[in-house]
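Working notes, structure below.
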Amino acid sequence: MAKEQVRKRGKRKPKNVEEEYPKPVPHAPVVGQDTSAGPSFHPSRAALLSGQKPSFPIPTFPPGSVGEEINSGVPDINPDYPFGQLDPDLKAYFRTVEDQIKDWEGISSSGEEREDRQTFLSSVLTELRDHELVVATDPETSIVLERLLPSLGDWGRRVIGDAFGEQWTVLLRHRFGSHVVQTWLTLAGDTLDRESKNMFPPQHHAQAEHPELGILPTMSTLLSSLLSEIIPNLSTLISDTHSSPPIRLLFLLLSPDRPLPSLEERDEKIRSKRSGKFRKNQGVKGMSIFGEELGEEKGKGKSVNTRFLPTELVGARKRSRKTLMESVKEGEWKILGVHPVGSIVVQMMLEFENEEDEAEKPGSLFDILTEGMITQIQSEEQVDPQAFMTSLQTSPTGTRLYEALLLYSPWPIFQAIWKTYFVGNIGKLSIHPFANFVVSKGISRLGAEEMEGVIKECVELQGGTGMIKTQRTSVLQALAERATNTSSPSESIISLVISSLGLPETDQSTLVPCLMALKTHPVPVESKDASAEEAAAAAARHAAWQNRRNVRSTKGGLEPNIQGCLLLQALVRLPSPSNEVIFESLSSQSIDTLINYATNPISSRFLDSVLESPNGKYKRRLISSFLGKYETLAVDRIGSRVAEKLFEHADGFMKEKIARSVLPEATTIGNNEFGKYFIRRLHLHLLDRRPAGWREAVNRKPGVPTAFSVPATTLGSSTSIKYGINKGLPEKRSEHEKMEDRRRDGEAEMNVEKAGVEVDTKKVVKEKRRKESNTNEEDEIDMLFAGVEKKRKKSRI
């Protein structure tokens, strides 16, 4: 069909119907306005500028109608694009920029390649000029600006901050602009540190020569203007989903004694899980395109106490906190405390208030959230429980605030809170799904006497079995960790654990299996149905399309439990002899149970803690119990790591026994994808041929050379010539240097003999002397030709 015959989409109109729209009225010519040159104006605009009345009637609208909104002159702003939309061509250009940054991110450069990257960066900044706000709020290009910021120096970051102008509040509330501000604030910490030491980029000093071009504000000036702009709206910004994380980062930035989170890590207080997941999917590394050189300039590896603030910003955090306290009412603080977004800022305010020694003052944030407890303590009144504090214990968000109150409160306030709200209720709170975390946080500050009271209350409530049955062991774990760090009653903690498991006093060998599975005594035995196993195996063979991963069965509930394993690790770290009951229970387990523990990603960590404990008796017993089964561990993904750990903690005699036990299966283990690393660690290829050298090699400390390993420096200069270290650099060797090399050769021969290495020493020395003679001959020939060339040059002159 011809192109002319194709009917286009749309409603068909009859030809004899006249148009409903009126014909356009020709405009009157504008007097005195030249439209041939300069910017073009609309005729009505030109008439208005010249003072003439328009040739068409101005429509009038009744009050309160739409016409009033039109004449008001307020533009219709899209909240998703507050600064307008980016040109499609420019957006496509920034996509190519992002692809290039991905290729160069974190890769060092030098020479011409570095110059090319610098040229690329300059061209990108040229295109970015006057579009910073639009790029920062665009869904596709904001991530490009985040990738670009780490590559900019102090001057470039100041240029970006100055381009944002007085639009910080809009950027902080924006979904994508807030992330750009957050990245900019993270990088501003190092710039402020350098400015406090009067270290500025070269452009800063050069701008003084041309003041007519303007002065770029310093980073401290930009942050001061940022604070002055957002402080009036700070009470609403801290509870906003997008602006709250940058505000938290700003408070950390104004705290020089605290480290700033890096761009590649995710801090729960600064970046949400959703934001971290988005950056991970986008592959944002937060690294410069210039490699490691700018990383050193930014201050990698600095300690916490080396970050300083300029004089203008010292005390800015305290001033901002006081302004926030004055603008927010007492009831609003309680609402913010349980707000899913604003609660984190309230916790930070509690921490800052404690650092500034203002927590014990009446009217402080601690006093507001505890409903006047500090005022009652100072007036020596009786402290009664309040409804707000009680409700925080059972609230998912309120428990976070309660933990901050217990952690940052001064000691008198902590004692009053613990005595008022916890004593007498610990048994019930320890099995609550949310309150048990609050109790465990409070236990971390208790003394020996208070811990005895906690243990007594837990035993009174059914012997503590409720914590095991509900699998809420945070209180038990907190007691064990607190007893490790202080002189607390560790024997009482072990008794509480035994009571909570329901173990008999005569037989405690099942302590480890019960805690590992987090089941009370007796532990149910997992039975196997032979017919069911055969049917399942046949179904797996026929289902070729299914995933063939070895998924562990969890139907029986006897698999190692994470909470139980963490509790076992805490109990192992208790002082001796309190923890010996754990070691005795582990030693009484069968070898099959131990292998299951060693090949499980959860329970293998418990074996690591046993090997790292100072109790050598039970460590040797555990290592020897695996003899004859190391080949089974070595071919497993998790077991191979445990096997290496067992070998490292064994003594010299036990290491040789382990190596000789796996020697018959060395080929099979070496062909395994996991076992080959275990074979390399054991150096089995040396055990049969040179036992003495093998013992010295496996028992030496890391980084200490041995006689068996004959370092390259002991073989004289011939070794460097052999491996091309000094190739092409002829040197004149004196007789003294040759004698020194012969002496080193003799020492090397003695070291080799001690290590059990059978080497023909005469052959080594003969080969060395032959290389020396060849080197000397080559040097003489080079000198001869060099002299001839010099003579030729002189004759020409």
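Taken in order, the sequence shown gives residues 1 to 797; the numbers are from the UniProt record's numbering.
Each residue gets a CB set at the ideal place from its N, CA and C atoms; glycine is no exception.
Straight across, the Cα-Cα distance linking E381 with E146 is about 55 Å.
CA-to-CA, the gap between L187 and G177 works out to about 16 Å. Here DSSP, grouped into helix, strand and coil, assigns N78 to strand. Cβ-Cβ distances below 7 Å link L227 to A316 and S320 in the same chain, with the five nearest sequence neighbours on each side left out; the list follows chain order. The three-state reading of DSSP puts G291 in coil, since its state is none of H, G, I, E or B. For K91, the uninterrupted alpha helix (DSSP H) run begins and ends at P88 to W104, by DSSP. For the pair F83 and T137, the CB atoms are nearer than the 7 Å cut-off. Membership of V439 in the alpha helix (DSSP H) is indicated by the continuous run A435 to I443.
Sixteen is the threshold: since fewer than 16 other Cβ atoms of the shown chains lie within 10 Å of the Cβ of H205, the residue is exposed. R680 sits in a helix when the DSSP states are folded into three classes. Two segments are said to touch when three or more pairs of C-beta atoms, one from each, lie closer than 8 Å; by this definition the region 571–588 touches the region 507–523. When the alpha-carbon of I638 is set against those of E209, T668 and I602, the nearest one is in I602. Around the C-beta of A643, 16 or more other C-beta atoms lie within 10 Å, and the residue is accordingly described as buried. If you draw a 10 Å sphere on the C-beta of R680, you find fewer than 16 other C-beta atoms in it, and that means exposed.
Rounded to the nearest whole angstrom, the C-alpha separation of S409 and A387 is 19 Å. Here the alpha carbon of F626 sits roughly 14 Å from the alpha carbon of V635. If the five residues before and after A570 are omitted, its C-beta is found closer than 6 Å to the C-beta atoms of Q477, A480 and E481, all from its own chain and listed in chain order.
In this structure S235 does not touch L192 by the C-beta definition: roughly 26 Å separates them, more than the 8 Å allowed. The Cβ neighbour count for G291, taken over all protein chains shown within 10 Å, is at least 16; the residue is labelled buried. Going by C-alpha positions, T218 is about 22 Å away from H179. Taking 7 Å as the cut-off, the Cβ atoms of E491 and S578 count as close.
Here the region 445–465 makes contact with the region 498–508; the two share three or more CB pairs at distances below 8 Å. In the structure shown, the three-state DSSP call for F176 is coil.
T399 counts as buried, since at least 16 other C-beta atoms from the protein chains shown sit within 10 angstroms of its C-beta. Annotated three-state conformation of E696 is helix, per DSSP. Residue burial is scored here from C-beta neighbours: W411 has fewer than 16 other C-beta atoms within 10 angstroms and is therefore classed as exposed.
Annotated three-state conformation of Q85 is coil, per DSSP. Taken atom to atom, the span from the alpha-carbon of I77 to that of P246 is near 24 Å. Nearest neighbour of K419 by Cα position, chosen from I431, N436 and P385, turns out to be P385. Annotation for P396: F434 place their beta carbon closer than 7 Å to its own, counting only its chain and skipping 5 residues before and after. Annotation: the continuous alpha helix (DSSP H) that includes N281 extends over K273 to Q282. Apart from sequence neighbours up to five positions away, the residues of its chain that approach T183 with a beta-carbon distance below 6 Å are E146 and L149, ordered along the chain. For H205, the enclosing alpha helix (DSSP H) covers residues P202 to A206. As the crow flies, the alpha-carbon of E355 is around 19 Å from that of K441.
If you draw a straight line from the Cα of D367 to the Cα of M199, it is about 43 Å long.
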